[in-house]
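A quick write-up on the structure given underneath.
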Amino acid sequence: MKNHSLALIIQVEKAMLDLVQVPISHRLRFSSGMQDALTGLLNSSGSMLRARLALSCGKVIGLSDDDCVCIATAAELLHSALLIHDDIQNNEQVNRALARNWQKFETNLAVSCGDLFLSASFCAIAKVSKPRLIPILLARMSQLASQAIYAQSASQTSRSNRTDLDTYIEIARAKSGMRLSLPMELALLLADKKGRTVELAQTACMDFAVGFQIYDDLIDFIDHSPPLIQSADSEPRLNIVSIFDYLNQKIEQPPNPIASATDFALRYLDKASNALFNLPFKSGSLLEGYIRTLECVLGALTVQGIPQ
Numbered sequence: 000m001k002n003h004s005l006a007l008i009i010q011v012e013k014a015m016l017d018l019v020q021v022p023i024s025h026r027l028r029f030s031s032g033m034q035d036a037l038t039g040l041l042n043s044s045g046s047m048l049r050a051r052l053a054l055s056c057g058k059v060i061g062l063s064d065d066d067c068v069c070i071a072t073a074a075e076l077l078h079s080a081l082l083i084h085d086d087i088q089n090n091e092q093v094n095r096a097l098a099r100n101w102q103k104f105e106t107n108l109a110v111s112c113g114d115l116f117l118s119a120s121f122c123a124i125a126k127v128s129k130p131r132l133i134p135i136l137l138a139r140m141s142q143l144a145s146q147a148i149y150a151q152s153a154s155q156t157s158r159s160n161r162t163d164l165d166t167y168i169e170i171a172r173a174k175s176g177m178r179l180s181l182p183m184e185l186a187l188l189l190a191d192k193k194g195r196t197v198e199l200a201q202t203a204c205m206d207f208a209v210g211f212q213i214y215d216d217l218i219d220f221i222d223h224s225p226p227l228i229q230s231a232d233s234e235p236r237l238n239i240v241s242i243f244d245y246l247n248q249k250i251e252q253p254p255n256p257i258a259s260a261t262d263f264a265l266r267y268l269d270k271a272s273n274a275l276f277n278l279p280f281k282s283g284s285l286l287e288g289y290i291r292t293l294e295c296v297l298g299a300l301t302v303q304g305i306p307q
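Read in order, the letters of the sequence shown correspond to residues 0 to 307 in numbering that gives the first Met the number 0.
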């Protein structure tokens with residue numbers, strides 16, 4: 000089973016590269032830098048979690064290997080495009096393989112690669128075996144991408160404790176949750192699963208995204224504390240710890256903001272797990288595994304303590 004999954008991932012990687020390559024006869028003589036950047040970025044695309052979610056969900060609900068590869072390719076290309084654009088907008092040095100790699104190239108070139116990934120992600124859907132569903136799949140991709148882009152824009156204007164908790168959750172769900180939800184939704188829609196099933200998958204992914212974003216903020220806080228992380232313009236960046244620190248000031252005996260954030264993350268991970276439990280054929284089993292791992296990591300952080 001593991002060998003088969005690895006073989007499918009290799010097919011996804013090849014499909015991604017094929018979709019962004021331009022035939023030699025059509026290339027401009029000065030486009031070699033673009034080709035080098037595309038190859039470099041795709042060769043360092045990290046864990047390919049979105050592709051793995053599409054493959055895992057697709058196989059257990061009965062999709063063919065070819066269809067699984069199509070939706071996995073689409074989801075991974077779209078995620079890669081948004082990730083590049085996000086990190087350029089944030090102007091951050093981050094510990095992600097893909098982001099580290101684009102920083103080797105000129106920013107304008109990286110933006111162009113992101114644009115090409117975005118375009119190619121929709122092309123990947125054209126190869127699925129059920130043509131009648133292509134309009135539905137493309138429309139859903141566009142909707143989720145739009146929501147993620149709006150959320151990224153919101154995160155740019157939301158700084159430190161000036162953002163309330165509800166806004167933080169909304170941004171995390173839309174920005175990260177949509178990208179996680181896309182591969183599972185595409186798989187379910189291609190298998191003619193609609194309504195409640197798709198809603199459960201989306202709910203699970205969005206709640207997981209909130210939990211993971213809080214974990215990511217806690218790690219940021221550990222790595223840069225004190226003080227809290229600064230953005231490129233030297234203004235405190237949106238972080239769950241600063242939000243809870245502000246909220247807890249209104250309490251006579253305020254709890255530790257880090258403990259509050261950790262409890263909040265675990266609550267959302269539990270909600271995600273409950274939603275996954277109700278999906279058919281254990282189609283959310285891969286994400287469930289990530290939830291269990293993240294719960295253990297958060298528990299370890301709580302036990303070990305985090306710098307104040």
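Quick reminder that beta carbons are idealized off the backbone N, C-alpha and C, glycines included.
Check	Outcome
Where residue 250 falls: helix, strand or coil (DSSP)	coil
Proximity winner among 46, 289 and 105, relative to residue 265 (alpha-carbon distances)	289
Residue nearest to residue 154 in terms of C-alpha spacing, selected from 166, 144, 143 and 145	166
Sequence-distant residues of its chain with Cβ nearer than 7 Å to residue 57 (five each side left out)	66, 67, 70 and 186
4-residue-minimum alpha helix (DSSP H) runs that sit fully inside the region 167-199, ordered along the chain	177-189
Beta-carbon separation (whole angstroms), residue 268 vs residue 287, contact threshold 8 Å	Contact doesn't hold; Cβ gap of about 10 Å is too wide.
Nearest residue (CA-CA) to residue 237, options 178, 150, 146 and 283	150
Close Cβ partners of residue 59 (< 6 Å) along its chain, the five nearest in sequence each way excluded	280 and 282
Spatial distance of residue 12 from residue 213 (CA atoms)	30 Å
Nearest residue (CA-CA) to residue 129, options 77, 63, 184 and 72	63
Cβ neighbour criterion (16 or more within 10 Å) applied to residue 229	A caution first: residue 229 carries a pLDDT of 46, below 50, which makes its placement in the model unreliable, though a value can still be read off. Classification of residue 229: exposed, given that the 10 Å Cβ count is below 16.
Residue from 202, 36 and 14 whose Cα sits closest to the Cα of residue 126	14
Proximity to residue 7 [Cα-Cα], best of 17, 211, 55 and 131	55
Residue from 298, 51 and 179 whose Cα sits closest to the Cα of residue 140	179
Alpha-carbon spacing of residue 254 relative to residue 197, whole angstroms	38 Å
CB-CB length for residue 177 against residue 143, believed under 8 Å	4 Å
Sub-9 Å separation of residue 117 and residue 82 beta-carbons	no
Close-in-space but distant-in-sequence residues of the same chain around residue 278 (CB under 8 Å, 5 per side omitted)	196, 199, 200 and 203
Rounded separation between residue 240 and residue 246 - CA only	10 Å
Segment limits, alpha helix (DSSP H) that includes residue 259	256-276
Rounded C-alpha distance that separates residue 108 from residue 72	22 Å
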